[in-house]
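Input: a single structure, listed below in structure tokens.
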Amino acid sequence: LAQHFLQRIERSDLNAFLHVDAALTLRQAAAADERLASGDSTALTGIPIAHKDIFVTRDWRSTAGSKMLANYVSPFDATVVDRLGQAGMVTLGKLNCDEFAMGSSNQNSFFGAVKNPWDHSAIPGGSSGGSAASVAARLAPAATGTDTGGSIRQPAAMCGVTGIKPTYGRVSRYGMIAFASSLDQGGPMAQTAEDCALLLSAMAGFDERDSTSLERPDEDFSRDLQNDLRGLRIGVPREYFGPGLAPDVEQAVRAALAEYEKLGATLVDISLPKTELSIPVYYVIAPAEASSNLSRFDGVRYGHRAAEYSDLTEMYKRTRAEGFGEEVKLRILVGAYVLSHGYYDAYYLQAQKIRRLIAQDFQQAFRQCDVIMGPVSPTVAWDLGEKADDPVANYLADIFTLSTSLAGLPGMSIPCGFGQGDKNAKRPVGLQLIGNYFAEAKLLNIAHQYQ
Ligand code: GLN
């Protein structure tokens with residue numbers, strides 16, 4: 044299996060992988076073979092996986108898609124990498140992503156954009172663009188991703204694969220290069236919900252090295268896959284079907300909802316009135332946390348350091364000017380501004396208050412329904428090069444994924460058809476499933492019954 048995927052990676056021109064080391068992978072594969080022969084194996088032993096380059100790895104470089112960490116090798120493995128390794132999974136390498144996971148199109152990577160396997164003139168989505176593209180193109184049977192405001196769900200949707208962002212705190216953030224710590228959450232991306240359930244069961248669990256890790260017993264997320272959906276109440280938020288939604292996406296999503304009705308579910312009209320506010324709220328809170336998290340990249344402890352400088356202050360300045368890309372700098376500026384004395388109350392504190400109201404809206408909605416469904420993204424994947432220099436256009440496209448993250452709820456994307464691509468190529472559409480806290484097993488069940 045490892046050989047098969049390594050060959051496919053070698054022949055691929057999607058720019059999905061940033062670091063591959065075949066000898067290392069094959070050594071892990073040989074160890075997995077031994078485990079299989081000895082009978083000390085799990086369902087995942089010997090199955091290859093690739094990791095978003097936000098997870099640190101001891102044996103492969105960990106760049107976060109940034110020049111700042113272009114040659115960085117971590118002295119330890121992230122908990123997620125470690126847990127999947129313990130299960131016997133074989134690492135294929137590291138996957139391209141937007142710099143420090145900031146982006147929706149993978150065009151903010153220092154290492155260049157990734158192509159969408161369905162249509163090479165389209166973006167794969169982001170920030171986990173390499174993860175989604177590698178699974179869609181069968182360069183890897185599974186990949187890890189991280190989702191701060193949609194980065195698992197949106198690229199999964201745009202590449203036609205399945206991904207789940209768990210409840211905040213389910214999956215350890217230890218060794219996940221931090222973007223916005225109160226939002227960051229790792230999760231699996233694969234072909235099916237069934238595969239995601241297996242992967243999540245291995246990834247999730249309490250970790251004392253992550254202070255926001257949830258102290259809950261380990262779960263088998265595959266346990267409910269076969270439950271039937273009769274009587275399921277699906278909340279359909281009015282605000283997710285407004286004028287901003289592209290007709291081709293709406294059509295595919297509504298067809299999926301009709302399919303769920305055939306499986307015995309009923310559709311309930313619900314309202315998530317603060318949906319629109321999720322954009323300004325997220326783009327205050329996430330940059331604020333990022334400006335603090337990224338202060339550690341100062342040329343002293345990690346990664347890039349400017350070659351020439353006259354004193355310590357100039358070393359900091361030059362290092363950060365050279366090492367960070369445009370979007371990262373923009374967010375550090377915004378973050379430092381909204382946290383500064385005099386503006387904190389006006390921006391950051393207001394955003395935190397509205398964040399609480401957004402979470403309350405979901406709790407209100409879950410009194411009327413068991414799961415919420417809607418589009419992941421207002422459009423199918425856009426063209427490579429499009430919106431590349433327009434941060435706000437990218438931010439607006441996150442409208443349907445941000446509020447789930449702000450509330451800390453689990454969310455999923457599953458493929459539900461195709462919209463209109465350009466040049467006769469297909470561009471996938473994703474259906475979003477949002478559950479209440481800890482409802483991952485239920486979400487995976489609902490997804491599996493559709494697939
Ligand atoms: N697109 C959002 C952003 O740019 C979300 C990214 C993410 O989830 N990592 O911040």
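According to my numbering, numbering within the sequence shown proceeds without interruption in unit steps and concludes at 494.
Quick reminder that beta carbons are idealized off the backbone N, C-alpha and C, glycines included.
Ser171 is positioned such that its CB atom lies closer than 7 Å to that of Cys140. The secondary-structure analysis by DSSP pairs Lys469 across a beta bridge with Gln463. Residue pairing for Gly366: DSSP places it in no beta bridge. Checking the 6 Å criterion, the Cβ of Asp64 is out of range of every heavy atom belonging to ligand 1. Cβ atoms of Ala440 and Ser420 come within 8 Å of each other, at about 6 Å. The beta carbon of Asp267 sits closer than 8 Å to the beta carbons of Ala484, Lys485, Leu487, Asn488 from its chain, once the five residues preceding and following it are set aside; these are given in chain order. Shortest Cα-Cα distance from Tyr303 to any of Arg281, Arg276, Phe153 involves Arg276. Between the alpha carbons of Asp263 and Tyr391 lies a distance of about 38 Å.
Proximity to Thr134 across Glu142, Met145, Ala121 peaks at Ala121, based on C-alpha coordinates. Remark: the shortest separation between the CB of Gly206 and any heavy atom of ligand 1 does not fall under 6 Å. Within the model, the alpha-carbon separation for Asp125 versus Ala245 is close to 10 Å. Closest in C-alpha terms to Pro280, from the list Val178, Phe409, Ala80, Ala175, comes Phe409.
For Arg213, DSSP assigns no beta-bridge partner whatsoever. When C-alpha distances from Ile442 are compared across Tyr326, Ala93, Gly131, the shortest belongs to Tyr326.
The DSSP assignment places complete beta strand (DSSP E) segments of no fewer than 3 residues inside the segment 305-339 at 309-313, in order along the chain. Short note on Thr191: C-beta closer than 6 Å to some heavy atom of ligand 1. Closest option to Arg399, judged by alpha-carbon separation, among Asn479, Val435, Gly451: Gly451. When the beta-carbon positions are compared, Gly108 and Phe153 come within less than 7 Å of each other. Asp341 has its Cβ no nearer than 6 Å to any heavy atom of ligand 1. Ser353 counts as exposed, since fewer than 16 other C-beta atoms from the protein chains shown sit within 10 angstroms of its C-beta. Assigned with DSSP and collapsed to three states, Val123 falls in helix. Taking each of Ala299, Trp425, Leu445 in turn and checking the Cα distance to Ile166, the smallest one comes out for Trp425.
Relative to the Cα of Ala350, the nearest Cα in the group Phe340, Arg361, Phe98 belongs to Arg361.
Taking the Cβ atoms as the reference, Gly417 lies roughly 7 Å from Val296, within the contact range of under 8 Å. Taking one beta carbon from each stretch, the segment 145-152 and the segment 375-386 have fewer than 3 pairs nearer than 8 Å; the two do not touch. Contact check for Gly454 against Arg213 fails: the beta carbons are separated by 7 Å or more. Excluding residues up to 5 positions away in sequence, Thr191, Ser448 lie with their Cβ nearer than 6 Å to the Cβ of Leu226 in the same chain.
Distance from the CA atom of Leu474 to the CA atom of Pro458, rounded to whole angstroms, is 6 Å. Taking Ala240 as the centre and dropping the five residues before and after it, the same chain places the C-beta of Phe264, Ser265, Leu268, Leu487 closer than 7 Å to its C-beta, in chain order. Beta-bridge annotation (DSSP): Arg281 is not paired with any residue.
At a Cβ-Cβ threshold of 7 Å, Thr88 and Gly131 count as neighbours. Inclusion of Arg51 and Leu182 in the CB contact set at 7 Å is warranted, their separation being smaller than that value.
For Gln234 and Leu49, the gap between their C-alpha atoms comes out near 18 Å. Residue state for Phe481 is assigned as coil, using DSSP reduced to three classes.
By the 16-neighbour rule on beta-carbons within 10 angstroms, Ala80 is exposed. In the three-state reduction of the DSSP assignment, Asp291 falls in the helix class.
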